[in-house]
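In the numbering used here, the protein residues as written are 4 to 133. Before any comments, here is the structure.
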(Lines of atoms letter the chains of each structure in order from A and count residues from 1; the text may use other names and numbers.)
(Lines give C-alpha, C1' and ligand atoms only; values in the text may rest on other atoms or scores of the structure.)
Protein backbone atom coordinates (compact mmCIF):
# COMPACT_ATOMS: atom_id res chain seq x y z
CA UNK A 1 0.00 0.00 0.00
CA UNK A 2 1.25 3.47 -0.79
CA UNK A 3 1.65 6.05 1.95
CA UNK A 4 -1.19 8.11 0.46
CA UNK A 5 -3.84 5.39 0.61
CA UNK A 6 -5.87 5.05 3.81
CA UNK A 7 -5.08 2.05 6.01
CA UNK A 8 -7.25 -1.02 5.46
CA UNK A 9 -9.51 -1.51 8.49
CA UNK A 10 -9.64 -5.30 8.20
CA UNK A 11 -5.89 -5.56 7.79
CA UNK A 12 -5.27 -3.36 10.83
CA UNK A 13 -7.74 -5.39 12.90
CA UNK A 14 -6.00 -8.63 11.94
CA UNK A 15 -2.55 -7.22 12.67
CA UNK A 16 -3.59 -5.88 16.08
CA UNK A 17 -5.35 -9.13 16.98
CA UNK A 18 -2.13 -11.08 16.32
CA UNK A 19 -0.28 -9.26 19.09
CA UNK A 20 -0.63 -11.44 22.17
CA UNK A 21 1.55 -9.45 24.56
CA UNK A 22 5.22 -9.30 25.38
CA UNK A 23 7.51 -11.29 23.11
CA UNK A 24 9.29 -14.07 25.00
CA UNK A 25 8.78 -12.60 28.50
CA UNK A 26 10.88 -15.39 30.02
CA UNK A 27 13.95 -13.91 28.24
CA UNK A 28 13.55 -10.54 29.93
CA UNK A 29 17.27 -9.82 30.30
CA UNK A 30 18.52 -11.12 26.97
CA UNK A 31 19.41 -8.23 24.67
CA UNK A 32 18.32 -9.84 21.40
CA UNK A 33 14.87 -10.62 22.83
CA UNK A 34 14.53 -7.21 24.49
CA UNK A 35 15.15 -5.44 21.18
CA UNK A 36 12.56 -7.56 19.39
CA UNK A 37 10.11 -7.14 22.28
CA UNK A 38 10.46 -3.34 22.05
CA UNK A 39 10.07 -3.39 18.26
CA UNK A 40 6.91 -5.51 18.39
CA UNK A 41 5.45 -3.45 21.22
CA UNK A 42 6.05 -0.20 19.31
CA UNK A 43 4.54 -1.71 16.16
CA UNK A 44 1.47 -2.86 18.09
CA UNK A 45 1.02 0.59 19.64
CA UNK A 46 1.28 2.38 16.29
CA UNK A 47 -1.14 0.00 14.55
CA UNK A 48 -3.58 -0.03 17.47
CA UNK A 49 -3.49 3.78 17.53
CA UNK A 50 -4.32 3.92 13.81
CA UNK A 51 -7.09 1.36 14.26
CA UNK A 52 -8.65 3.23 17.20
CA UNK A 53 -8.72 6.42 15.11
CA UNK A 54 -10.47 4.64 12.24
CA UNK A 55 -12.94 2.94 14.61
CA UNK A 56 -13.75 6.32 16.13
CA UNK A 57 -14.45 7.77 12.67
CA UNK A 58 -16.70 4.77 11.93
CA UNK A 59 -18.58 5.30 15.22
CA UNK A 60 -17.44 1.92 16.61
CA UNK A 61 -17.23 3.31 20.13
CA UNK A 62 -17.32 0.02 22.06
CA UNK A 63 -14.44 -1.28 19.94
CA UNK A 64 -12.49 1.94 20.58
CA UNK A 65 -12.92 1.49 24.35
CA UNK A 66 -11.76 -2.14 24.21
CA UNK A 67 -8.78 -1.31 22.03
CA UNK A 68 -7.71 1.60 24.24
CA UNK A 69 -7.73 -0.75 27.22
CA UNK A 70 -5.36 -3.04 25.29
CA UNK A 71 -3.16 -0.07 24.47
CA UNK A 72 -2.99 0.88 28.15
CA UNK A 73 -2.02 -2.70 28.97
CA UNK A 74 1.05 -2.14 26.81
CA UNK A 75 1.73 1.55 27.58
CA UNK A 76 -0.47 3.35 30.09
CA UNK A 77 1.12 6.68 29.08
CA UNK A 78 -0.11 6.49 25.45
CA UNK A 79 -1.86 9.84 25.63
CA UNK A 80 -3.72 9.70 22.32
CA UNK A 81 -5.56 6.61 23.60
CA UNK A 82 -6.93 8.71 26.47
CA UNK A 83 -8.25 11.21 23.91
CA UNK A 84 -9.84 8.42 21.84
CA UNK A 85 -11.39 7.03 25.01
CA UNK A 86 -12.80 10.41 26.08
CA UNK A 87 -14.31 10.89 22.62
CA UNK A 88 -15.84 7.41 22.60
CA UNK A 89 -17.38 7.89 26.05
CA UNK A 90 -18.65 11.33 25.02
CA UNK A 91 -20.35 9.88 21.93
CA UNK A 92 -21.93 7.21 24.14
CA UNK A 93 -23.22 9.96 26.45
CA UNK A 94 -21.12 8.86 29.43
CA UNK A 95 -19.80 12.18 30.73
CA UNK A 96 -18.76 10.58 34.02
CA UNK A 97 -16.36 8.30 32.19
CA UNK A 98 -15.04 11.26 30.19
CA UNK A 99 -14.04 12.91 33.47
CA UNK A 100 -12.65 9.73 35.00
CA UNK A 101 -10.62 9.03 31.87
CA UNK A 102 -9.17 12.54 31.92
CA UNK A 103 -8.29 12.26 35.63
CA UNK A 104 -6.65 8.88 35.01
CA UNK A 105 -4.63 10.46 32.19
CA UNK A 106 -3.50 13.36 34.41
CA UNK A 107 -2.57 11.04 37.28
CA UNK A 108 -0.78 8.47 35.12
CA UNK A 109 1.29 11.02 33.21
CA UNK A 110 2.22 12.77 36.46
CA UNK A 111 3.19 9.57 38.28
CA UNK A 112 4.97 7.86 35.39
CA UNK A 113 6.55 10.75 33.48
CA UNK A 114 6.22 13.76 35.80
CA UNK A 115 4.42 15.58 32.98
CA UNK A 116 1.04 17.25 32.57
CA UNK A 117 -1.28 16.25 29.71
CA UNK A 118 -0.62 17.90 26.35
CA UNK A 119 -2.44 21.06 25.33
CA UNK A 120 -4.40 18.91 22.85
CA UNK A 121 -5.67 16.63 25.62
CA UNK A 122 -6.48 19.61 27.88
CA UNK A 123 -8.38 21.35 25.07
CA UNK A 124 -10.36 18.21 24.22
CA UNK A 125 -11.37 17.71 27.84
CA UNK A 126 -12.40 21.37 28.19
CA UNK A 127 -14.40 21.13 24.95
CA UNK A 128 -16.16 17.90 25.99
CA UNK A 129 -17.09 19.20 29.44
CA UNK A 130 -18.07 22.75 28.44
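Glycine included, every Cβ here is placed at the ideal spot set by N, Cα and C.
For residue i, the first and last residue of its enclosing alpha helix (DSSP H)
i	result
residue 79	That residue, residue 79, is in no alpha helix (DSSP H); it is neither H nor E in DSSP.
residue 95	From DSSP, residue 95 is part of no alpha helix (DSSP H); its letter is neither H nor E.
residue 18	12-21
Exposure label - residue i; buried when at least 16 CB within 10 Å
i	result
residue 119	exposed
residue 133	exposed
residue 46	exposed
residue 112	buried
residue 81	buried
residue 117	exposed
residue 21	exposed
Secondary structure of residue i, DSSP reduced to three states
i	result
residue 62	coil
residue 133	coil
residue 39	helix
residue 49	helix
residue 56	helix
residue 69	helix
residue 5	With a pLDDT of 45 at residue 5, under the threshold of 50, the modelled position of this residue cannot be trusted, and the question is left open.
Is the segment 48-63 close to the segment 15-23, with three or more CB pairs under 8 Å?
yes
May I have a chain-ordered list of the beta strand (DSSP E) segments no shorter than 3 residues that lie completely inside the segment 99-131?
none
Quick one: any contact between the segment 85-93 and the segment 122-133, if contact means 3 or more CB pairs under 8 Å?
yes
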